[in-house]
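Undergrad:
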Amino acid sequence: MRLVVVSAGLSVPSSTRLLGDRLAAAVGRATPGETDVEVEVVELRDLAVEIAHNFTNGFAGTALSAAQEAVTAADGLIVVTPVFSASYSGLFKSFFDVLDKDALAGKPVLIAATGGTARHSLVLEHALRPLFAYLRAVVVPTGVYAASEDWGAEGLDGRIERAAGELAGLMRGLSATKRQVRDEFEVVPFAQQLAALSPAERAGV
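Residue 34 in the working numbering sits at position 16 of the sequence shown; the count goes up by one each step and never skips.
Here it is as structure tokens:
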């Protein structure tokens, strides 16, 4: 399964990226022995200039195009933003503004955010969840918010594991559906079909 982490952290190191990494690791733990989880991280900080250019000229640069393709092809997403002015950051929103309008339709998404105070924890419900519902993603029930005082606290680990388990479950269901559709509508080359026919059947082709 392909899991993409979209991180809008600006600093290096970034607590936003750290939260994304911990969530991705937890998703991997939630699928032991079942299937490998391939994780790719999209750092929006590195794409800021190309995102701005995309708004002005309508064309995605090489790095932005690769990030868009990764998100579109993913079986699941973890999206993490720092809180700016009681909402997601402008860079975070801008990236999803330049995605194809159907890129997230039906895709499992885990929403997460970081901030300096617990007072902004409702950003998950009043900003992120409506955004991804509008984009027709399937947002997992548990969002994860980490304030400065949450790092090292027991409650954060529990929320991470619960949210990761929910995302892993949705991703497994999506992968199984894809395999079923592929098996039901497998295209068999004509030469292979011909070889499977009896001589009498082949004569009538």
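Cβ coordinates follow ideal geometry from the N, Cα and C atoms, glycine included.
Treat the numbers as computed from the prediction; the structure is a model and nothing was measured.
Nearest-angstrom Cα distance between V101 and R63?
TA: 15 Å
Undergrad: Helix, strand or coil for A151, going by three-state DSSP, please let me know.
TA: Helix.
Undergrad: For T135, which three-state DSSP category applies?
TA: coil
Undergrad: Helix or strand or just coil, what does DSSP make of L140?
TA: coil
Undergrad: Straight-line CA distance for L142 to E68?
TA: Rounded to whole angstroms, L142 to E68 spans 27 Å at the Cα level.
Undergrad: Any idea what DSSP makes of L117, helix, strand or coil?
TA: Reduced to three states, the DSSP call for L117 is coil.
Undergrad: Got a sec? Which residues, its chain only, sit under 6 Å from G94 by beta carbon, not counting five neighbours each side?
TA: Counting only Cβ-Cβ distances below 6 Å, and skipping sequence neighbours, we find L21, P126, L185 and M189.
Undergrad: Where does T49 sit, in a helix, a strand or coil, going by DSSP?
TA: DSSP places T49 in coil when its eight states are reduced to three.
Undergrad: With distance defined between alpha-carbon atoms, name the residue in L36, A42, A84 and S107 nearest to H138.
TA: When the alpha-carbon of H138 is set against those of L36, A42, A84 and S107, the nearest one is in S107.
Undergrad: Among V98, Y163, I96 and Q86, which has the Cα closest to the Cα of D115?
TA: Nearest option by C-alpha distance: Q86.
Undergrad: Between V57 and A42, which are expected to be in contact by the criterion C-beta below 8 Å, what is the C-beta distance as a whole number of angstroms?
TA: The pair is a contact, with the Cβ atoms about 5 Å apart (cut-off 8 Å).
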